[in-house]
Amino acid sequence: MSDTVTRLAEIRTAISRAERDFGREAGSVALVAVSKTKPAEQITEVLEAGQRIFGENYVQEAKAKWPALKERFPDAELHMIGPLQSNKAREAVELFDVIQSLDRESLAKELAREIARVGKAPRFFVQVNTGEEAQKGGVLPAETDAFIARCREIHGLAIEGLMCIPPADEPPSPHFGLLAKIAARNGLKGLSMGMSADYEAAIQLGATYVRVGSAIFGARG
Ligand SMILES: *Cc1c(COP(=O)(O)O)cnc(C)c1O
Numbered sequence: 093m094s095d096t097v098t099r100l101a102e103i104r105t106a107i108s109r110a111e112r113d114f115g116r117e118a119g120s121v122a123l124v125a126v127s128k129t130k131p132a133e134q135i136t137e138v139l140e141a142g143q144r145i146f147g148e149n150y151v152q153e154a155k156a157k158w159p160a161l162k163e164r165f166p167d168a169e170l171h172m173i174g175p176l177q178s179n180k181a182r183e184a185v186e187l188f189d190v191i192q193s194l195d196r197e198s199l200a201k202e203l204a205r206e207i208a209r210v211g212k213a214p215r216f217f218v219q220v221n222t223g224e225e226a227q228k229g230g231v232l233p234a235e236t237d238a239f240i241a242r243c244r245e246i247h248g249l250a251i252e253g254l255m256c257i258p259p260a261d262e263p264p265s266p267h268f269g270l271l272a273k274i275a276a277r278n279g280l281k282g283l284s285m286g287m288s289a290d291y292e293a294a295i296q297l298g299a300t301y302v303r304v305g306s307a308i309f310g311a312r313g
């Protein structure tokens, strides 16, 4: 087995153990393998090992790698987890099965327009800026309920859950707890939270998707 496939197996085992330890139903946490900056050959190894859900951060990079990979592995599911510019909405709708970085009205409007044109709709997660960091994308916690309502009622987008990226210099658990609370009061079941360093804490607090990159693919250059 390659190092990558060994690490994938270790992460899968750790996710199952965390489900058990924290009283989560077996299989209730899905792994998003974050393959940004990684070459198609390494992604292919992970696909051949059975992993099907992947995350990418850049539309252009995903467009270069994924159409060929999806041809070989038609049941692969691709999630957009990076900041999305409105002028990339069409390509994003064409390429991605799930968009996790929906975070503003102008983007929601553009996505709704492209869904109507392309005739295919991704599923959506609203990104919440739980740490209220100026440099980070995401809707502010206090504005999230209203934003979700507008996405659903005005733009007709299927909102499946919420996503957050906690501040790098703070313990993540309060952010995971806040995200879970906002999701619950909006009737949302999906919670995308937790990365290589903190996915177990996220599972404890209710994650349904964990986004793990470097712990599978190795450090990024
Ligand atoms: C890069 C990235 C990840 C994966 O981070 P690792 O620390 O490598 O696991 C997860 N989520 C988002 C939004 C990312 O940009």
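Going by our numbering, the residue at position 185 of the sequence shown is 277; the numbering climbs one at a time, nothing skipped. We put the CB at the ideal spot given by N, CA and C, even for glycine.
| query | result |
| --- | --- |
| Closest to residue 172 by CA distance: which of 145, 221, 160 and 163 is it? | 145 |
| Relative to the alpha-carbon of residue 312, which residue among 123, 128 and 210 has its alpha-carbon at the smallest distance? | 128 |
| By the three-class DSSP mapping on this structure, what secondary structure does residue 269 have? | helix |
| Less than 8 Å separating the beta-carbons of residue 308 and residue 96? | yes |
| For residue 163, write down the residues that DSSP places opposite it in a beta bridge. | DSSP lists no partner for residue 163. |
| Per DSSP, which residues does residue 253 bridge with? Please list them. | 217 and 282 |
| At which residues does the beta strand (DSSP E) containing residue 146 begin and terminate? | 145-148 |
| When the Cβ atoms of the segment 250-259 are set against those of the segment 275-283, are three or more pairs found closer than 8 Å? | yes |
| Report buried or exposed for residue 246, applying the criterion of at least 16 other Cβ atoms within 10 angstroms of its Cβ. | exposed |
| For the structure I just gave you, are there three or more beta carbon pairs, one from the segment 130-138 and one from the segment 107-121, closer than 8 Å? | no |
| Looking only at DSSP bridge pairs, what is residue 125 linked to? | 146 and 304 |
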